[in-house]
Structure formats: structure tokens, C-alpha cells
Amino acid sequence: MRLNRNLRHWRIWHWRIWALIATMVLWPQTAPADGITPERITAALPKLEALAEAAVAEGAVPGLAIAVVHDDEVIFLKGFGHREAGKPEVVDADTVFQIASLSKPVSATVVAALVSDGIVSWDSKIADLDPAFRLADPYPASQLTVRDLFSHRSGLPGTAGDDLEDIGYDRAEILHRLRFVPPSSSFRAGYSYSNFGLTEGAVAAATPTGKPWEEVAEEKLYRPLGMTSTSSRHSDFVKHTNRAALHVRVDGAWAAKIERDPDAQAPAGGVSSTARDLSQWVRLIIGNGVYAGKTLIAADARDQTHVPLMARGNNPVSGGASFYGLGWNVEFGRHGLSWGHAGAFSVGARTLVTVFPKEKLGIVIITNAFPTGLPEGLSDSFADLVFDGTVEKDWVKAWDDIYAGLFGPAVAAAKATYAAPPSPTRPAGPASAYAGRYANDFIGDAIVSKVGDDLVLRVGPAAARSYSLTHFDGDIFLTFPDAETPDRPTGVSFVVGPDGKASAMTIGFLDDNHLGTLQRVGN
13 MRLNRNLRHW
23 RIWHWRIWAL
33 IATMVLWPQT
43 APADGITPER
53 ITAALPKLEA
63 LAEAAVAEGA
73 VPGLAIAVVH
83 DDEVIFLKGF
93 GHREAGKPEV
103 VDADTVFQIA
113 SLSKPVSATV
123 VAALVSDGIV
133 SWDSKIADLD
143 PAFRLADPYP
153 ASQLTVRDLF
163 SHRSGLPGTA
173 GDDLEDIGYD
183 RAEILHRLRF
193 VPPSSSFRAG
203 YSYSNFGLTE
213 GAVAAATPTG
223 KPWEEVAEEK
233 LYRPLGMTST
243 SSRHSDFVKH
253 TNRAALHVRV
263 DGAWAAKIER
273 DPDAQAPAGG
283 VSSTARDLSQ
293 WVRLIIGNGV
303 YAGKTLIAAD
313 ARDQTHVPLM
323 ARGNNPVSGG
333 ASFYGLGWNV
343 EFGRHGLSWG
353 HAGAFSVGAR
363 TLVTVFPKEK
373 LGIVIITNAF
383 PTGLPEGLSD
393 SFADLVFDGT
403 VEKDWVKAWD
413 DIYAGLFGPA
423 VAAAKATYAA
433 PPSPTRPAGP
443 ASAYAGRYAN
453 DFIGDAIVSK
463 VGDDLVLRVG
473 PAAARSYSLT
483 HFDGDIFLTF
493 PDAETPDRPT
503 GVSFVVGPDG
513 KASAMTIGFL
523 DDNHLGTLQR
533 VGN
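Start counting at 1 in the sequence shown, then tack on 12, and there's your number in the working numbering.
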């Protein structure tokens, strides 16, 4: 018993020591030259508003909303632009946006509330909370904690489960199949940003309540803060009339073409909310767990989320050292310590929260388009105005360049690979060579069949997702599976044996973790 108690005390002091190191060693290297003043913050607000208005006028995004909180007061709250491009309805402070991975620090706050109430610990083992969950290796699976999953150090590859979500599997099935994914690093040795790893951490933390995650989030955070338009259910989002559509660029113009139901990864990316609601959450964060004079989350439980556990390298634009805590980025940048998190759906959303805890200042920016660096650009510009009185550079352009490069190189590389088949092109075999059922433990069943003159691949639950296959060369076919990059080709290749039938196939868009090869089942 004494050994266990000592270990528990060490865990508590371990993160406190980290916080002390961050304050004593990192902070002096990055602290601003002088403190901010209320007058400078007040002077920065109309300039922030002008920057947002100009961005919308220039077509940077169809619409956005901003909330700024200082010293427990919401000092700026406004919407700009339109909920959907080409339609008259405007964005206001109560327009509901899908906030994508900004959901992660929100969900970390929910778990902090559970920790505060003694329902669970950040060091509770997943094996105790959710005994059915497995990783590929037994030792990490036996030692894995809520803390490990919220800091992305479980060893799960970052894309693990995203591919299964894309083809229609639900949360329970995706989490079950994570056991088949080989690790990308040793346990607790590497940082790999995992939507479904964090999702498992949240769902497991909620298990002792006997209630689903979505209900726990409402009870522990949304209702106490009066966040009446916030939900972790997609069905609640689509019920709102005042909601923002998702936008991508089509022929140079913003278009609302794709819907995104993120329920499978709700804790990691499925929250929908408004600028008004999120401002109340930021009040709680800035207030150290105190809201409207009442302690909702004990400081000990909340503080652990902001301890820098995993190194992420440097901020790609400003260069500050960046770490990951528990659902939060922890950065030591040109204006000192900040906590934050970005969110993005490649089918049309960009979001950001930035908090300067020493100054008790926070900003939330939510937009309805992708790709765009506008949230980071506006946030960095506002910080410059507050700390320095002037904007150092065109941060919007700097961040736009980062986001514009996310898909471009990959699309270009895929196009180059499949620009033209070799000459002479090898003919395909007859459709009967490829038609049939294939399977593996991770992806499940895949059906290849002839439909008219084409081959069609069907995957997912009840083989409901279908992809046309176009011959490229020999036993290699092409398909275009990504709605957000519709011009990006992906290969589907077959291994044909001496009997003239394919014994296996590899589906390129499901092979990120080398689990895209399926064996033929039956004849």
C-alpha cells in the first residue's frame, strides 16, 4: 500500500515539477518585454474587427465569428460574413459552427471535471475503465492511461481509425479494430496526434458514470456554463437553423458542397458550438476552473491539462517551442506562454482558441471554410496589437501559405505517379479475374464486382461505400476516393495467380498503416 501511495504522489509531483520547469526555465526566455494594459486591449479590438471585416470582404472565408475574453469578461463578441456562400443569412455570435479538433481541449475540460469530482483520474488505466479495449501489443494495452491518450503518446499512428470512419464504421467498431494497427512508436516514446486514441480516452473516462460521453459532456460542462447551443451530437447541430455550412474552394470560389458527420470521433472532433458559448468556456479556463464565482473544476485537475508532456517541435510560423499537454497545445512563443488548439475539417472548417494565462486573455475564432490560415492570422495579429501595439507582419498570409501547402504536394505527387500509364500499357485481365470478396481483420469485407462495363469496389458496413475503378496498367486500377481532393487518384492493385484470379488486392486509400491489403475469400 505504501509503494502504491508513493507512486501516486510521484505522479502528482511529476506534472508539478514540469510546470515549475516551464515557469523557471522556458518562461524567462520568451516573456514579453512589458505587460499588457487594459487600454491597449481596448485599442486592439476595433483593429481586430477591421481585420476580420477586410478578410471576409476579400473572400478569405465566407463567414466567421470571434470572441475575446479578458479578466472573466467577454469584451468582444461578433460574427462576420455569411453562413453559406451565395445566401443572405449572416453569421452572428449565436451561429453554430462545427469546431473540429477544437473539440479536444473542450473534451479535456470535461474529463478534468470528472477528475475534479473524483470519478476518474488522469492516470486511471484504460484496462480498468474499458477492459475490452486493446492495442496491438499487450504491455502498452495493460498500462495505457487516460493521460496517455489525451497526450497522444499511446503509440497509435495518427491516422489510425480515420480510414475506417471514412468508409462508414461507427465509433464502437473503430475502437475495437484499433487492436490490429501496428504502433508507430514505442509506448510513451513518440507523439502521434490520434483522433480515435483521444476518443477512446474520453469514452473510457466517462464509463464510470454509466452514461454516454455526449451526455456526460452536457452535464459536466455545457449545462453548468449555459452553453445551450453546444453539443457533441451531429443530430443536434443540424437541428439549428442558425448554423454555418462547410465550404471548400471550387474553381476559385467558396462552395458548400460536403457535409461532415463526426459522431464517431465526437470527443476529438465532433463538438458544435457558437462564439457566445465558447466565450463562457474560455472564462472557465482563464478563471482556473472558477465560473461566475463558483469552483466547477478543481485547479489540480485542470492544471494537469496544461503541463507540456510531449514535444511537437516549433510553431511553423512564429517559431516558438510547442508541446502537447492533455488536449491542449502548450507554446512558449514571442508573447510568452500560451495555451491553444486549432481545428480543421478538410471538407470545410477552421477554428482556433488561444489563451494567454498570465494575462488572463483569450480569443476564439471559428470559420466555415478550408483551407485557410485566417484563424491563426487574426489571433497572431491581435496578440501583436495587445502586446506590442502594432502588427509585426502579415500573419494571415503566412498562415495561409502553411494551409495551402497541406494538400497541394500530395495531390501533385499522386497526379505525377498516375499521370499516364507506361508505354506500352499492359492490358487488364477479364473482370472475372478481379471480381469477388476480399477481407482482412481491420477493413473487414470488400467486394469487387462488374457493373456495366466498369469494375466497382465496395467497402465498409454492408459494403455501402462504392468506388469506381478505372484501368491504369496491368492489374492496377485507379479510383478517386476523397471528396475534399476529388482530383487526387489512388491506386487499387491486384495480385493475380497462375489460375488467372486475383488472390489479394491492396486498396491505396486504406493503406496508410499498411493494413490495406485484403485476401480473397472463397472463389
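For every residue, glycine included, the Cβ atom is placed at its ideal position computed from N, Cα and C. Treat the numbers as computed from the prediction; the structure is a model and nothing was measured.
* Go through its chain and collect everything with a Cβ distance to residue 118's Cβ below 6 Å, but skip five positions before and after it. => Within the sequence shown, the letter at position 106 stands for residue 118. Closer than 6 Å at Cβ, skipping near neighbours: 283.
* C-alpha distance - residue 537 paired with residue 487, whole-angstrom precision -> Look at the range of the chain in this structure, 13 to 535, and you will see that residue 537 is not part of it.
* To do: Kindly indicate which three-state DSSP category residue 193 falls into: helix, strand or coil?
  => What you label residue 193 is simply residue 181 of the sequence shown in a count that begins at 1. Coil.
* Asked: So residue 211 is in the alpha helix (DSSP H); what residue range does that whole segment cover?
  -> Here residue 211 corresponds to residue number 199 of the sequence shown, with the count starting at 1. Annotation: the continuous alpha helix (DSSP H) that includes residue 211 extends over 207 to 218.
* Whose CA, out of 483, 393 and 381, lies closest to the CA of residue 109? -> Indexing the sequence shown from 1 puts residue 109 at position 97. Measuring from the Cα of residue 109, the nearest candidate turns out to be 381.
* Thinking C-beta only, is residue 253 closer than 7 Å to residue 285? -> As a first step, residue 285 is located in the sequence shown; it is residue number 273 there, counting from the start. As a first step, residue 253 is located in the sequence shown; it is residue number 241 there, counting from the start. Contact: no.
* **residue 158 to residue 454 span [Cα, whole Å]** => Against the sequence shown, residue 158 aligns to sequence position 146. Against the sequence shown, residue 454 aligns to sequence position 442. In a straight line, the C-alpha of residue 158 is about 24 Å away from that of residue 454.
* Mind reading off the beta-carbon distance from residue 364 to residue 391? Whole number of angstroms is fine, and I expect it under 8 Å. => Within the sequence shown, residue 364 is the residue found at index 352, counting from 1. Within the sequence shown, residue 391 is the residue found at index 379, counting from 1. Correct: roughly 6 Å between the Cβ atoms.
* Starting from the Cα of residue 533, find the closest Cα among 459, 335 and 469 and give me that residue. => On the sequence shown, residue 533 is found 521 positions in, with the first residue counted as 1. Out of 459, 335 and 469, 459 has the C-alpha closest to the C-alpha of residue 533.
* Asked: Tell me which same chain residues have a C-beta within less than 7 Å of the C-beta of residue 267, skipping the five on either side of it?
  -> On the sequence shown, position 255 is the one that residue 267 refers to. Listed in chain order, the non-local C-beta contacts of residue 267 below 7 Å within the same chain comprise 97, 259 and 260, local neighbours out to five positions each way being set aside.
* Please state if the CB of residue 322 and the CB of residue 303 are separated by a distance shorter than 7 Å. => For the purposes of this step, residue 303 is identified with residue 291 of the sequence shown, where counting begins at 1. For the purposes of this step, residue 322 is identified with residue 310 of the sequence shown, where counting begins at 1. Taking the C-beta atoms as reference points, residue 322 is found no nearer than 7 Å to residue 303.
* To do: Could you pull the start and end residues of the beta strand (DSSP E) that residue 462 belongs to?
  => The count along the sequence shown starts at 1 and reaches residue 462 at position 450. Start and end: 456 to 463.
* To do: Mark residue 466 as exposed unless 16 or more other C-beta atoms lie within 10 angstroms of its C-beta, in which case mark it buried.
  => By one-based count along the sequence shown, residue 466 stands at place 454. It is exposed - the Cβ of residue 466 has fewer than 16 other Cβ atoms within 10 Å.
* For residue 281 versus residue 115, is the C-beta spacing smaller than 7 Å? -> Position 269 of the sequence shown, counted from the first residue, corresponds to residue 281. Position 103 of the sequence shown, counted from the first residue, corresponds to residue 115. Cβ atoms of residue 281 and residue 115: closer than 7 Å.
* Go ahead and pull the three-state DSSP assignment for residue 519. => As a working mapping, residue 519 is identified with position 507 in the sequence shown. Looking at residue 519 - three-state DSSP - the assignment turns out to be strand.
* **residue 239 vs residue 289 beta-carbon contact at 7 Å** => Position 227 of the sequence shown holds residue 239. Position 277 of the sequence shown holds residue 289. It is a contact, given that the beta carbons lie within the stated cut-off.
* Are residue 92 and residue 57 closer than 7 Å when you measure CB to CB? -> What you label residue 92 is simply residue 80 of the sequence shown in a count that begins at 1. What you label residue 57 is simply residue 45 of the sequence shown in a count that begins at 1. No, the pair does not count as a contact, with Cβ atoms beyond the cut-off.
* Would residue 205 pass as a contact of residue 173 if the rule is Cβ separation under 7 Å? -> By 1-based counting over the sequence shown, the position of residue 205 is 193. By 1-based counting over the sequence shown, the position of residue 173 is 161. At the C-beta level, residue 205 and residue 173 stay beyond 7 Å of one another.
* To do: Helix, strand or coil for residue 263, going by three-state DSSP, please let me know.
  => Locating residue 263 in the sequence shown gives position 251, where the first residue counts as 1. DSSP places residue 263 in coil when its eight states are reduced to three.
* What number of angstroms, rounded off, separates the C-alpha of residue 180 from the C-alpha of residue 188? -> To locate residue 180, count along the sequence shown from 1; it is residue 168. To locate residue 188, count along the sequence shown from 1; it is residue 176. CA-CA distance, residue 180 to residue 188, rounds to 14 Å.
* DSSP state of residue 286 mapped onto helix, strand, coil -> The sequence position of residue 286 within the sequence shown is 274, counting from 1. Judged by DSSP in its simplified three-state form, residue 286 adopts coil rather than helix or strand.
* Run the CB neighbour count on residue 439, radius 10 Å, all protein chains shown included, and call it buried at 16 or more, exposed below. => Residue numbering aside, residue 439 sits at position 427 when the sequence shown is read from its first letter. Answer is exposed; the Cβ neighbour count stays below 16.
* **Per DSSP, the bridge partner or partners of residue 333** => Translated into the one-based positions of the sequence shown, residue 333 becomes position 321. The bridge partners DSSP lists for residue 333 are 326 and 344.
* To do: Locate the alpha helix (DSSP H) running through residue 390, then write down its first and last residues.
  => The residue you call residue 390 lines up with position 378 of the sequence shown. Here the alpha helix (DSSP H) through residue 390 covers 386 to 400.
* Let me know the secondary structure DSSP gives residue 314 once reduced to three states. => Counting from one through the sequence shown, the residue named residue 314 turns up at place 302. DSSP places residue 314 in the helix class (H, G or I) of the three-state scheme.
* Asked: In terms of residue numbering, what span does the beta strand (DSSP E) encompassing residue 176 cover?
  -> Reading the sequence shown from its first residue, position 164 is the one you call residue 176. Note, residue 176: premise wrong, no beta strand (DSSP E); alpha helix (DSSP H) at 174 to 178.
* **Cβ-based burial, residue 528 [other Cβ within 10 Å; buried from 16]** => In the sequence shown, counting from the first residue as 1, residue 528 sits at position 516. Buried, since its Cβ has 16 or more Cβ neighbours within 10 Å.
* **N-terminal and C-terminal residue of the beta strand (DSSP E) that residue 90 is part of** => For the purposes of this step, residue 90 is taken as residue 78 along the sequence shown, with counting starting at 1. That run of the beta strand (DSSP E) goes 85 to 93.
* With a threshold of 16 other CB atoms inside 10 Å of the CB of residue 502, please say whether the residue is buried or exposed. => Looking up residue 502 in the sequence shown gives position 490. Flag for residue 502 reads buried.
* Asked: Any chance the stretch 194 to 214 sits against the stretch 153 to 168, with 3 or more Cβ pairs inside 8 Å?
  -> The stretch 194 to 214 vs the stretch 153 to 168: in contact.
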